[in-house]
Amino acid sequence: MMRGGNGSGQKDLGGHRNRPGSKKMPFTKHLSCLLLKFGPTLTQFFRITTLYTPPGRWYLGLKRRSAMRFKGYIWIAGLFLWLSGAAGACPTPQKVQQLLRNLTPGNLKILSVRPSPVKGLCEVTLRQGTRKGVTYIDESGRYLVAGRIIEIAKRRDLTGERISELNRVKLTPQQLQKLRQYVAFSAGKGPEVFFIIDPDCPFCKKAERILWQLIQENKVRVNVVFFPLEQLHPRAKQKAIALICEKKGFEDLVAGYQGTKECREGKDKVEEGARFVKSLGIRGTPTYVFPSGLTHSGVLSREQLLKLLKNAS
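Dropping the structure here:
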């Protein structure tokens, strides 16, 4: 933890050295010095990782130590906003583009700026290539906050949900029909949903348990399509192929079945299916695809899933 001068010659937050008996620097000036000192490195700090982060309730899995560090970052960001005295409307997209021109890649486009769920903080929607993302800026345009907003009471990743909404893919009837070619197995009766997963994805396991309950209640029919993310889970592809080759089903998937059998049918279905899913612009798992073509990436609760199935029918 950084400490200010204590009269013993220690450095304060701004990097200055306090001499014994000297007057302490005000805390607000500490922050000013800190910003001056570290401002030039903001380019490295601002990485558009939110563009590629699969949405989900990632915060729930943080260890206590990481969670405490995360809360500290939010506290510091909030303190900067409070000290800035920012008030009023959000800056225009043109102004934000100008403010960030020296901090961000040249191909980054600011699409919109609007109030965020946090008072005094504005949501900046941006695009890099074909992907859209979110970052935050205060109302004065002085402070950039690169991170996520978590609604603690409901344990919701509001930033992740917004990114998912911005990058939501909608399939055409022809694409839905082609996706059906890569279904590994189906289970249940009721409204239909395609379930695109990686067998080793921890979020997928949570989603599988929710769907399994609905399958047993005949409230949904699930079509499983495998999309192994080999860079994250090297054994996922083999597990997916074995599940197909050994004629296993959804119950075996939920139970964590791990086979070793290989066959041409399984290999082709997994590899060709993964290429097709990627061509649709889908990057994360789990992803649900509803009969209307609407997609959702990230775990859906039982209530959310039933609502979407009802609206899609």
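The sequence shown: position 81 = 81 (full-length UniProt numbering), numbered continuously. Every residue gets a Cβ at the ideal spot worked out from N, C-alpha and C, and that includes glycine.
How would you label residue i, buried or exposed, when you count the other beta carbons within 10 angstroms and need 16 or more for buried?
i: R162; result: buried
i: I196; result: buried
i: I282; result: buried
i: K23; result: Caution applies to K23, whose pLDDT of 49 falls short of 50 and renders its modelled position unreliable; the value that the coordinates give is listed next. By the 10 Å Cβ count, K23 comes out exposed.
i: T260; result: exposed
i: R148; result: buried
i: N167; result: buried
i: K247; result: exposed
i: E251; result: exposed
i: E192; result: buried
i: K37; result: Caution applies to K37, whose pLDDT of 43 falls short of 50 and renders its modelled position unreliable; the value that the coordinates give is listed next. Per the 10 Å Cβ criterion, exposed.
i: K154; result: exposed
Please state the DSSP three-state secondary structure of residue i.
i: C122; result: strand
i: A274; result: helix
i: T159; result: helix
i: K132; result: strand
i: Y182; result: helix
i: V169; result: coil
i: S279; result: helix
i: S164; result: helix
i: P115; result: strand
i: R142; result: coil
i: N311; result: helix
i: R209; result: helix
i: K306; result: It should be noted that the sequence gives Leu, not Lys, for residue 306. Looking at L306 - three-state DSSP - the assignment turns out to be helix.
i: F250; result: helix
i: K95; result: helix
i: R127; result: strand
i: K110; result: First, the residue type needs correcting, since residue 110 is Ile and not Lys in the sequence shown. Correct three-state label for I110: strand.
Please confirm whether residue i and residue j have their CB atoms less than 8 Å apart.
i: L111; j: R127; result: yes
i: I241; j: E208; result: no
i: residue 401; j: L108; result: The first residue shown for the chain is 1 and the last is 313, placing residue 401 beyond what the model contains.
i: L308; j: L300; result: yes
i: L243; j: A187; result: no
i: V118; j: T135; result: no
i: R235; j: D200; result: yes
i: D198; j: T130; result: no
Quick one, which of the options has its alpha-carbon nearest residue i's?
i: Q238; options: P228, S164, K247; result: P228
i: N311; options: P291, G298, R302; result: P291
i: K189; options: K206, Q213, E123, D198; result: Q213
i: E230; options: A274, K154, Y257, T104; result: A274
i: C204; options: H233, G106, A89; result: H233
i: S116; options: R155, G256, A89; result: A89
i: A255; options: K206, R302, E217; result: K206
i: L103; options: R302, L253, A146; result: A146
i: R302; options: Q174, I215, G249, Y257; result: I215
Check whether the Cβ of residue i sits closer than 7 Å to any heavy atom of the ligand SAM, and report yes or no.
i: D268; result: Absence of the ligand SAM from the depicted structure is noted, as is the absence of any ligand whatsoever, leaving it without description.
With a cut-off of 8 Å on the beta carbons, I'd call residue i and residue j a contact; round off their distance for me.
i: V222; j: L211; result: 5 Å
i: L179; j: F276; result: 7 Å
i: V169; j: I137; result: Not quite, the Cβ-Cβ distance comes to about 28 Å (not below 8 Å), so this is no contact.
i: P91; j: G141; result: 4 Å
i: S297; j: T287; result: 5 Å
i: E139; j: G120; result: 6 Å
i: L272; j: C245; result: The sequence shown places Glu at residue 272, not Leu. 15 Å between Cβ atoms; not a contact.
i: F194; j: V289; result: 4 Å
i: E165; j: L158; result: Actually they do not touch by this definition, with Cβ atoms about 11 Å apart.
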